[in-house]
Every structure is written in structure tokens, then in C-alpha cells.
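Counted from 1, the sequence shown has number 98 at position 99 by numbering that gives the first Met the number 0; the numbering is strictly sequential. Quick reminder that beta carbons are idealized off the backbone N, C-alpha and C, glycines included. Below is one structure; the comments refer to it alone.
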Amino acid sequence: MLPRYLVTAGSFLLLVGVLAEPRALLAQGAANTGFDSFIMLVPPRDTNAIKKQLRSAIEAGGTAETRRQQAETMRLGARGRIEAKKVEIDRIKERINLARKENREADRLGLDAERKAAELEIRLMERREELRKAEIDLEIQRSELAGFSQKALALELQLATRRAGRLRKPGGGAAGASLDRVIGELEKQTLEAQRAEAASDIDVADREIVVIDRRLELLDAQQKVLVGN
């Protein structure tokens, strides 16, 4: 059996190889030792690729906020139309009561038809308001996902930078051990941030399903109006 210090030295050499040619040298290391003597749990990536994803995550957060504001404006518009339509219905009811008192049956029937049409409009507008609320919730969740993505990518970028710095200072001793501990802690934090990002991505998918359901419900309601149901 090899002395412990030789295993450690071999592990570090394998790490250097992983950063240079990840696939080829990992396969070679596995063939020589029969097991992974050093496992990088956050796979090494080019810093330019990480930075590009980070910029995209920042843009995604801005886009989500813009869409949230648009959906909020439309929701408020729907709410305002609902309230105005309710006032209109109240006035129609007053006219219906007056027509009933004056025995104007034809007018009463016409006004009653207007009331029913207005109430149907309210139900449709309420569907639209529910859709806008679902869209707002979706964009809030997308914004949160963008935040989790930014954190995970920023940590991954730090990790990649520290790894590169460690390669420039391959010596052992207390200084090397300290750098290794920093890298290990950054790897842990990166993995935790990636886990939070993945969980948030699931929440976004759930919100997307809700939005699609609301759109289907509104479509069904509109079709019923068109066919007179």
C-alpha cells in the first residue's frame, strides 16, 4: 500500500489534470488507480461560459420584473372594469324595478337581458383578473429563480478563480492547506446554491402550469359566450 502522503500528492496531480483535460485525464486516472482518487463535485468550467450565463441570469431577472409590472397593470385594469360594470348592473336593476312598477313588461324583459349580459361580462373579466394574478405570481417566481441563478453562478465563478489560483501555487504546507479549505467551502456553497436554484426552477414550472390552466379556463368561458351558453 502507498504511504498516505503519496496518495495525497497523486490526488492533487489528478486535480491538475482535470483542469487541463477533464474527460481524458479523468478516464486515465480511473484506469490507473481503479477509483476516483480526487472528486471535483462541481465540474470545472470555463470562466467565460460562467460569466455569459451570469449576464443572462441578470437579464432574465430584469425581464421578469418588466413582465410582472405589465401583468399588474392589466390586472388593475381588469379590476377597474369589473367595478365599473357592477355599478352599471346596479343601475340596470333600478331601471328594471321601475319598469316593473310601471307595468312596462317589454322594457323590463329587455333590461333583464342587459343585466344578464353585463353579469356574464363580469365573469369573463374576473377570469382575466385571475389570469393576470397567476401571471404576476409566475413572474415573481421567475425573478426569484434569476436571483438564485445569479448567486449560484457568482459562487461558481469564485470557485473557478480560486482553483486557477491554486494551480499557480501548487505547493503544500499550511498555505496550500488553507487554500484547499477555501476551495472546499466554496464548492459546498456552490452546490447548496445550485440546489436552491433547482428547487426554484421546479416552482417556476408549477406556476407555469397554473397560468396555462387559467388561460384554458378563460378560453373555455369565451367560447361559451360565443355559442350562447
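Residue range of the unbroken alpha helix (DSSP H) whose run includes residue i
i	result
K50	T46 to K100
L40	Segment: none, L40 is in no alpha helix (DSSP H) and carries neither H nor E.
K115	E104 to R167
Spatial distance of residue i from residue j (CA atoms)
i	j	result
D219	R126	10 Å
A153	R67	25 Å
I139	R90	39 Å
A160	G79	Checking the displayed sequence, the identity of residue 160 turns out to be Thr instead of Ala. For T160 and G79, the distance between alpha carbons rounds to 53 Å.
A48	R54	10 Å
V224	A105	24 Å
I208	R141	13 Å
E128	I121	10 Å
K51	L130	33 Å
E191	E113	59 Å
A29	A59	With a pLDDT of only 39 at A29, under the threshold of 50, the placement of this residue in the model should not be trusted, and no figure is reported.
D221	L110	Residue 221 is actually Gln in this sequence, not Asp. About 23 Å.
R103	K115	19 Å
L75	K132	10 Å
A176	E134	50 Å
Q193	K168	28 Å
D202	M39	29 Å
A70	A56	21 Å
A98	I81	26 Å
L215	E143	26 Å
A204	V210	10 Å
T65	E101	55 Å
L119	D212	20 Å
T72	R180	50 Å
Close-in-space but distant-in-sequence residues of the same chain around residue i (CB under 6 Å, 5 per side omitted)
i	result
Q188	L154
D136	R206
F147	A195, E196 and S199
R107	I95, A98 and R99
L178	R165
A151	A192, Q193 and E196
A23	Confidence at A23 is low in this model, with a pLDDT of 38, below 50, so the placement of that residue is unreliable and no value is reported for it.
Contact set for residue i: own chain, Cβ-Cβ below 8 Å, skip 5 residues either direction
i	result
E87	A117
L158	V41, I182, L185, E186 and T189
Q149	L53, A56, I57 and G60
K92	R114
K85	I121
Cβ separation of residue i and residue j, assumed to be a contact under 8 Å, to the nearest whole Å
i	j	result
L245	T46	Not covered by the structure: residue 245. The range shown for the chain is 0 to 228.
A145	A83	The pair is not a contact, with the Cβ atoms about 36 Å apart (cut-off 8 Å).
Beta-carbon proximity list for residue i, same chain, < 7 Å, skipping 5 on both sides
i	result
I77	Reading off the sequence shown, one finds Ala at residue 77, where the question assumed Ile. For A77, where only same-chain residues beyond five positions count, the Cβ hits under 7 Å are M124, R127, E128 and R131.
L217	R126, R127 and L130
V226	none
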